[in-house]
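Here the structure comes first, spelled out in structure tokens, and everything after it is commentary.
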Amino acid sequence: MIIYTDIVSGDEIVADTFNLVPNKEFDILWECDCRKYLKRANEDFQLEGANPSAEEAEEEGGEGEATMVHDIEDQFRLVWLKAEEGAKPSKEDYKAHLKPYLKKLHKNAASKFAKADDPTAAEDAWKKKAAGAMKKILANWDNYDVLMGQSTDGEAMHVLIDFREDGVTPYATVWADGLKEVKV
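Note that full-length UniProt numbering has the sequence shown beginning at 1, numbered continuously upward.
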């Protein structure tokens with residue numbers, strides 16, 4: 001299994017269990033479909049042979065409490081920056097975050113440029129794709145749910161979740177060069 005961690009914070013962001021595919025328009029962005037569901041308080045999987053009498057006492061207090069979560073959020077302990085709680089950054093704040101963040105991604109992608117047949121052309125193409133991807137994200141900003149890694153490092157990647165054209169299927173968007181592969 002491969003887990004992808006944020007190059008800035010080291011937080012786990014996604015794994016190869018999610019079908020990561022390049023964005024059709026800007027291949028420096030990866031997308032993966034995810035699910036959104038209600039999760040009850042203290043709801044975790046239960047191991048066989050666990051002591052049910054000890055667990056029943058814990059469950060009684062939280063019955064009926066549920067929150068909406070994304071599976072990617074739940075599995076990788078991402079933090080949902082909810083707009084209704086005032087945690088989602090404004091479009092201007094996100095744009096201000098993106099400029100230094102893209103410089104970090106550019107530095108991370110530099111080794112790929114060096115391996116290309118024409119390093120200068122590869123770097124120029126990356127810059128053009130990054131600018132286009134940034135413009136696309138900012139144009140669609142109001143539609144995104146925004147998540148961050150567990151550490152909530154303000155300089156790290158923001159995972160962006162929107163819905164496919166069907167209006168039902170949520171999908172996450174991440175910057176490909178902002179991820180580091182870790183084999184486990």
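Even for Gly, the Cβ is constructed at its ideal location relative to N, Cα and C.
Keep in mind the model is a prediction, meaning the values are calculated, not measured.
Using only the alpha-carbon positions, how far apart do residue i and residue j sit?
i: Lys95; j: His158; result: 12 angstroms
i: Ile13; j: Tyr4; result: 6 angstroms
i: Arg35; j: Lys135; result: 26 angstroms
i: His70; j: Thr152; result: 17 angstroms
i: Leu20; j: Asp162; result: 15 angstroms
i: Val168; j: Leu160; result: 16 angstroms
i: Lys107; j: Ala114; result: 12 angstroms
i: Gly178; j: Arg40; result: 32 angstroms
i: Asp117; j: Glu123; result: 11 angstroms
i: Asp93; j: Asp33; result: 26 angstroms
i: Phe26; j: His97; result: 20 angstroms
i: Glu130; j: Ile72; result: Looking at the sequence itself, residue 130 is Ala, so the reference to Glu does not match. Their Cα atoms are separated by approximately 24 angstroms.
i: Lys91; j: Glu155; result: 16 angstroms
i: Leu105; j: Asn23; result: 17 angstroms
i: Pro119; j: Met68; result: 45 angstroms
i: Glu84; j: Ala109; result: 35 angstroms
Nearest to residue i by CA position, among the options, is which residue?
i: Ile2; options: Ala15, Gly154, Ala125; result: Ala15
i: Gln150; options: His70, Val79, Val69, Leu29; result: Val79
i: Ser9; options: Ala172, Asp124, Asp93, Tyr101; result: Tyr101
i: Met148; options: Lys88, Pro170, Leu105; result: Lys88
i: Glu165; options: Asn143, Glu181, Lys180, Gly154; result: Asn143
i: Pro170; options: Arg77, Asp11, Phe18; result: Phe18
i: Asp74; options: Leu38, Ser90, Ala83; result: Leu38
i: Trp30; options: Lys112, Ala133, Phe76; result: Ala133
I'd like the span of the beta strand (DSSP E) that includes residue i, first residue to last.
i: Thr169; result: Looking at the DSSP string, Thr169 is not in any beta strand (DSSP E), and its letter there is neither H nor E.
i: Met148; result: 145–148
i: Lys39; result: 36–40
i: Met68; result: 66–70
i: Leu29; result: 29–33
i: Leu78; result: Careful: Leu78 lies outside any beta strand (DSSP E) and carries neither H nor E.
i: Leu160; result: 158–163
i: Asp11; result: Run containing Asp11: none; DSSP gives neither H nor E here.
In terms of residues, what are the limits of the alpha helix (DSSP H) holding residue i?
i: Ala114; result: 91–115
i: Ala125; result: 119–139
Pull up the CB-CB distance for residue i and residue j, whole angstroms please, since I reckon it's below 8 angstroms.
i: Ile7; j: Lys180; result: 5 angstroms
i: Val182; j: Leu81; result: Not really, about 25 angstroms apart at Cβ, beyond 8 angstroms.
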